[in-house]
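J.:
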Amino acid sequence: MNPSAIALVMASCSIHAGWNLLVKRSQSRPTFLWLAVACGVLSYAPAAIYFLIREGLRAPALPYALASGIIHSCYYRALSRMYEHDFSLTYPIARGTSPLLVGLASLLILRERLTVPGLAGTGFIVAGLLVTGLEKHPAERKRSPGGILSRQALQAAVVTGGLIAAYSLTDRAGVQQLHPVSYIWIVHAVALMAWGPILLRSNRATALVDRSLLMPALVVGLGQNLAYTLVLFAMRLAPVAYVVPLRELSIVIGVLLGGKVLKEQLASLRLGGALLIVVGATLISWRG
Numbered sequence: 021m022n023p024s025a026i027a028l029v030m031a032s033c034s035i036h037a038g039w040n041l042l043v044k045r046s047q048s049r050p051t052f053l054w055l056a057v058a059c060g061v062l063s064y065a066p067a068a069i070y071f072l073i074r075e076g077l078r079a080p081a082l083p084y085a086l087a088s089g090i091i092h093s094c095y096y097r098a099l100s101r102m103y104e105h106d107f108s109l110t111y112p113i114a115r116g117t118s119p120l121l122v123g124l125a126s127l128l129i130l131r132e133r134l135t136v137p138g139l140a141g142t143g144f145i146v147a148g149l150l151v152t153g154l155e156k157h158p159a160e161r162k163r164s165p166g167g168i169l170s171r172q173a174l175q176a177a178v179v180t181g182g183l184i185a186a187y188s189l190t191d192r193a194g195v196q197q198l199h200p201v202s203y204i205w206i207v208h209a210v211a212l213m214a215w216g217p218i219l220l221r222s223n224r225a226t227a228l229v230d231r232s233l234l235m236p237a238l239v240v241g242l243g244q245n246l247a248y249t250l251v252l253f254a255m256r257l258a259p260v261a262y263v264v265p266l267r268e269l270s271i272v273i274g275v276l277l278g279g280k281v282l283k284e285q286l287a288s289l290r291l292g293g294a295l296l297i298v299v300g301a302t303l304i305s306w307r308g
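Using my numbering, the first residue of the sequence shown is number 21, and each one after it goes up by one.
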């Protein structure tokens with residue numbers, strides 16, 4: 021795998037896990053996510069406009085950007101619901117669904133050329149994510165004593181993962197047509213407009229006047245845009261079937277942050293799953 025793509029994804033992982041942690045700690049997650057997207061759109065507007073003027077707006081990129089914006093709006097809603105459950109459980113499952121789906125699409129639809137070690141690395145990562153989600157949090161035991169994870173939590177995580185796969189495949193095609201900074205700005209602007217009316221119709225819209233949310237939302241908005249822009253640059257350099265699973269190194273960071281900052285349980289299964297993810301990422305980086 022291209023060394024520059026690896027470096028870009030590694031940097032993105034740290035930022036991604038950090039902004040997810042801030043979302044988890046917020047009280048009104050749907051409102052907070054919407055404000056974060058709005059802050060990101062406003063903050064990155066000058067850079068996006070600069071690249072649009074310099075490189076032009078290519079018409080073939082618009083269908084991808086519009087479709088991705090709609091998918092992102094659904095993703096943010098699913099993400100906010102997923103966070104109602106144990107962060108260090110639902111997060112790995114959601115992120116684990118996407119590399120599996122993207123890998124299949126890459127082979128069957130995109131016809132990307134993948135190596136055996138690269139595919140093995142993806143397998144290790146998916147296995148690590150599944151292992152990470154096997155250990156049930158005490159709060160989940162109370163809601164679903166007979167199973168590993170409550171049905172609601174599992175559904176929220178799988179839906180979120182499917183949406184991640186959908187926008188990843190869409191963005192892989194779109195970013196080939198337009199500069200990543202301009203592309204993600206259009207995507208988030210569409211997501212903002214698509215999600216806004218839904219939020220305003222809910223009783224959560226009153227939280228928009230809470231000024232205490234603005235600074236954390238600004239930090240998340242900046243981090244979210246920066247993290248995914250780095251991923252889009254990586255998609256220009258390497259197969260999406262490698263970029264998406266390599267992003268899951270953020271799971272290792274997310275699990276550690278969940279235990280350290282949010283005081284969530286760090287059991288041996290989660291740490292073992294994190295190790296499998298690291299092994300898979302190493303295989304992709306070395307021979308992918």
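Backbone N, C-alpha and C define an ideal beta-carbon position, used for all residues, glycine too.
Quick caveat, the model's predicted, so the values are computed rather than measured.
1) Report the residue from Ile-273, Met-102, Ile-304, Val-264 whose alpha carbon sits nearest the alpha carbon of Leu-120.
2) How long is the line joining the alpha carbons of Gly-123 and Tyr-70, rounded to whole angstroms?
3) Would you identify the three-state DSSP class for Ala-159, choosing helix, strand or coil?
4) Using CA atoms only, rank isn't needed, just tell me which of Val-178, Arg-78, Ile-129, Glu-104 is closest to Pro-112.
5) How many Å lie between Ala-247 and Ala-37 at the Cα?
6) Consult DSSP for Ser-48 and reduce its assignment to one of helix, strand or coil.
7) Return the CA-CA distance between His-105 and Ala-173, expressed in angstroms with no decimal places.
8) Check each candidate in Gly-241, Tyr-203, Cys-59 and name the one with the smallest Cα separation from Pro-80.
9) Can you tell me where the alpha helix (DSSP H) with Ser-188 in it begins and where it stops?
10) Whose C-beta lies closer than 8 Å to the C-beta of Leu-295 among residues of the same chain, with five residues either side of it excluded?
11) If you draw a straight line from the alpha carbon of Pro-236 to that of Phe-52, how long is it in whole angstroms?
12) How many angstroms separate the CA atom of Ala-27 from the CA atom of Leu-219?
13) On the CB-based measure, 16 or more other CB atoms within 10 Å of its CB, does Arg-131 come out buried or exposed?
T.: Short version:
1) Leu-120 has its Cα closest to that of Val-264, out of Ile-273, Met-102, Ile-304, Val-264.
2) 34 Å
3) Interpretation of Ala-159 is limited by its pLDDT of 49, a score under 50 that renders its predicted location unreliable; no figure is taken from the coordinates.
4) Looking only at Val-178, Arg-78, Ile-129, Glu-104, the smallest Cα-Cα distance to Pro-112 is reached by Val-178.
5) 10 Å
6) coil
7) 6 Å
8) Tyr-203
9) 171–194
10) Gly-148
11) Within the model, the alpha-carbon separation for Pro-236 versus Phe-52 is close to 9 Å.
12) 37 Å
13) It counts as exposed.
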